[in-house]
Every structure is written in structure tokens, then in C-alpha cells.
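A quick write-up on the structure given underneath.
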Amino acid sequence: MTLRIHRPSKRRMLSLTVQASEQTSPHFMTVTLGGDDVHHLQQIGFDQAGRLFFADPAADDDVFLPSSERWILQLTLQGGNRRPRVRTYTIRRFKPEVSAFDIEISLREIDPSERTAAPGTRWARAATPGTKVAFLDEGHSYAPPGTAAWQLLAGDESALPAILAILERSAADLPAEVFLEVPVSEDIRTEVTMPPGSTMHWLPRTDPDAKPGTLALHAVQQAQLPDGRFYAWAAGESSMATGIRRHLVSKRGVLKSDISFRGYFSHGRTSL
Ligand SMILES: Cc1cc2nc3c(=O)[nH]c(=O)nc-3n(C[C@H](O)[C@H](O)[C@H](O)COP(=O)(O)OP(=O)(O)OC[C@H]3O[C@@H](n4cnc5c(N)ncnc54)[C@H](O)[C@@H]3O)c2cc1C
54 MTLRIHRPSK
64 RRMLSLTVQA
74 SEQTSPHFMT
84 VTLGGDDVHH
94 LQQIGFDQAG
104 RLFFADPAAD
114 DDVFLPSSER
124 WILQLTLQGG
134 NRRPRVRTYT
144 IRRFKPEVSA
154 FDIEISLREI
164 DPSERTAAPG
174 TRWARAATPG
184 TKVAFLDEGH
194 SYAPPGTAAW
204 QLLAGDESAL
214 PAILAILERS
224 AADLPAEVFL
234 EVPVSEDIRT
244 EVTMPPGSTM
254 HWLPRTDPDA
264 KPGTLALHAV
274 QQAQLPDGRF
284 YAWAAGESSM
294 ATGIRRHLVS
304 KRGVLKSDIS
314 FRGYFSHGRT
324 SL
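In my numbering, each number is its position in the sequence shown, counted from 1, plus 53.
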């Protein structure tokens, strides 16, 4: 994959607690994380994301949360039962006035018999104020070249927080053509801040068993796109992200260097 991650020049492991959590639509939970450590976080925005370390809601033992950027070493020194779960989430919204920031986690249906499946989703549903976590900033990938006249943003629900955050911070002279797939129409946001001249194509799934990202990929393949050189950013289910990039390069002649794309998860496979 062609991907340049812009890591913060300085970062540290943040010890935080859940301040609030709210289910905002059928498949989205907003979780506010906060604490004094937030002032060590560099506010870059766009698709800035980090690793969230948390105790699995099904864990029986006291879980260790890392305190250092060398978390892999710290975790290898812990017994298997004490290791936290780790998932990556985008910083949706900074709230410096209250030393906090929001993440938005997309929720999936989980078979209740699968006690340990999809720990990120189960954690989001169970998170209550006071729950302890650790968070490590992993930077951002969005970086439009100065030559772009407009931008194409595409993704599924896992990339919704990143796409909305990118739109809010985008340059006013960089209109966006956005293809955003969501699980159901009730997950569509009615108020979105975008650069002037932008168009949002919401793509709610009609088949609950469809592979995420399929609609977004097809929509980009079929789209009547504006003229002029553009920057493309795509993220979500891996085959969607690679499919969009392949289409743009082979069918639309877009330079690989004008595309950032990233697989956020692989359909049918749990994150490690
Ligand atoms: C840089 C980056 C930023 C990210 N930002 C966000 C974010 O802001 N919000 C967010 O919700 N996710 C985000 N993700 C994706 C998230 O980390 C993955 O979806 C993660 O796999 C979720 O963990 P889980 O424990 O719920 O499911 P897992 O245990 O990893 O997977 C369980 C099953 O669910 C499927 N699955 C996993 N994620 C999804 C999904 N989103 N939609 C449908 N099926 C899925 C898997 O294919 C697997 O079959 C981001 C990923 C990266 C790399």
C-alpha cells in the first residue's frame, strides 16, 4: 500500500478515563476520553488516530494498561490474562477546554455466544464514566498535494469519523466529492461541515449481510467525477480501499502519489 503516515514529532502514552459515552445512531457510539494527559496530545486533526488500550469487558483479571510508548515490551512482560485489548480509533473531535477528545466507534451485531469476539465493539457498548484506558497517538495520513483542484474522500463506517474530521479541517479552496457508506439510513448525519462546493454521497446499505465497503467501491467506480487534478483519500474495509486505488490508477489515470488509502479492517478477520 502507498501510505505515508505522519507521526507526531513528540508523543507519549496517555493515561485517560472515559468521561461520557452516548449512542448517537443505530451503529455509532461516541466515547469521550479525558484527563490531564490530554495536554500532551498534539492536535493535528484530519484522520489523526491512535491505539486504544482497554480491558476486555469479558476479562476476569485485573488488566495492565501500558504507560510507555514501548508498550510491546511492557505487554510481553505481563501474563496473558493481564494483557489489554488494542484497537485503533480516529480522534473525531478535540475538546481542549475540558482536557478531552471524542472517538466514534462503529457498532456491529455480535452473536452473544461469542463472548470474546469484536472486543472494540463490546468495549464501546460497555464503556461507562471512570473506565480507564491508555491511548497512543499514531498520527495521520491525509496530505493533499498543492496541485490538487479538488479531493475525493471515500470510506465505510469505520472511516466516517476520519472523513468528517477531514472535511471540517479541509482547506476552503479544496471542494470534496465524498462517498460514505453507512450500515443503515438512520446512521446518516444531517449536518456536515464541508468546504464550499462539496458534494456528499451517503450510501446506506440495504442488505445487512453485504460486505462493508462494496457500495462505496461501486459508487466511486460509477461516479461522474469533476474535471481537474485531484487528491484521493480512501479508508475502510481493505478490499474496498485497494479496489478504489486500483480503479483510480488504472481507469482514471490518477498518479499513485496523489492517492492515500488504508485498510482499516479485513472483512471476516479480527484485528490482532
Ligand atoms: C488508522 C485507523 C483508524 C480507525 N478509526 C476508526 C474509527 O474512528 N471508528 C471505528 O469504528 N473504527 C476505526 N478503525 C477500524 C477499527 O480499528 C477496526 O474496525 C477494528 O477491527 C474494530 O475492532 P473490533 O474489536 O470491534 O472487531 P474485530 O475483532 O477486529 O473484528 C471482528 C469482526 O468484525 C469485522 N469488523 C471489524 N471492524 C468492522 C467494521 N468497522 N465494520 C464492519 N465489520 C467490522 C471483522 O472483519 C471481523 O469479522 C480504524 C482503523 C485504523 C487502522
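Cβ atoms here follow ideal geometry from the backbone N, Cα and C, with glycine treated the same way.
- If you look at Arg298, you'll find it in the alpha helix (DSSP H) that goes Ser291 to Arg305.
- Rounded to the nearest angstrom, the gap between the Cα atoms of Leu308 and Glu75 is 41 Å.
- A direct Cα-Cα distance of roughly 11 Å separates Trp176 from Pro137.
- Between the alpha carbons of Phe188 and Pro248 lies a distance of about 30 Å.
- Contact between Glu191 and Arg60 holds, with the beta-carbon distance rounding to 7 Å and staying under 8 Å.
- Distances from the alpha-carbon of Ser78 to those of Pro119, Thr143 and Ser159 put Ser159 closest.
- Comparing alpha-carbon positions, the option among Pro172, Leu270 and Thr259 lying closest to Arg322 turns out to be Pro172.
- Counting of Cβ neighbours within 10 angstroms places Arg161 among the exposed residues, the total staying below 16.
- Measuring C-alpha to C-alpha distances from Ala269 to each of Gly281, Leu278, Arg282 and Glu290 identifies Glu290 as the nearest.
- Using a C-beta cut-off of 8 Å, the segment 135-153 makes contact with the segment 90-102, since at least three inter-stretch Cβ pairs fall below that distance.
- Within the segment 184-242, the complete alpha helix (DSSP H) segments of 4 residues or longer fall at 213-222, listed in chain order.
- The C-beta of Asp240 has 16 or more other C-beta atoms within 10 Å across all chains shown, which makes the residue buried.
- For the set Lys148, Val116, Ala170 and Ser211, the Cα lying nearest the Cα of Met82 is the one of Ser211.
- DSSP places Arg282 outside both helix and strand once states are collapsed to three, so it counts as coil.
- DSSP lists Tyr142 and Asp190 as the beta-bridge partner residues of Gly103.
- When the alpha-carbon of Glu221 is set against those of Pro110, Gly98 and Ala272, the nearest one is in Gly98.
- Of the heavy atoms belonging to ligand 1, none sits nearer than 6 Å to the Cβ of Tyr284.
- Under DSSP, Gly87 takes part in a beta bridge, and its partners are Thr70 and Ala153.
- Each residue's CA atom was taken as its position, placing Ile58 and Ala102 some 10 Å apart.
- Buried is the label assigned to His193, since at least 16 other Cβ atoms lie within 10 Å of its Cβ.
- Secondary-structure assignment with DSSP links Met82 through a beta bridge to Gln76 and Ile158.
- Taken through DSSP and simplified to helix, strand or coil, Leu130 comes out as coil.
- Counting the other Cβ atoms within 10 Å of the Cβ of Gly281 gives fewer than 16, which makes it exposed.
- Of the residues assessed, Thr243 falls on the exposed side of the cut-off, its CB having fewer than 16 other CB atoms within 10 angstroms.
- From the listed residues His300, Thr295 and Pro257, the smallest Cα separation to Gln275 is found for His300.
- Relative to ligand 1, the nearest heavy atom lies less than 6 Å away from the CB of Ser159.
- By DSSP's assignment, Ala287 forms a beta bridge with Ala207 and Phe314.
- Ranked by Cα distance from Leu325, the first of Leu278, Thr246, Thr85 and Thr141 is Thr141.
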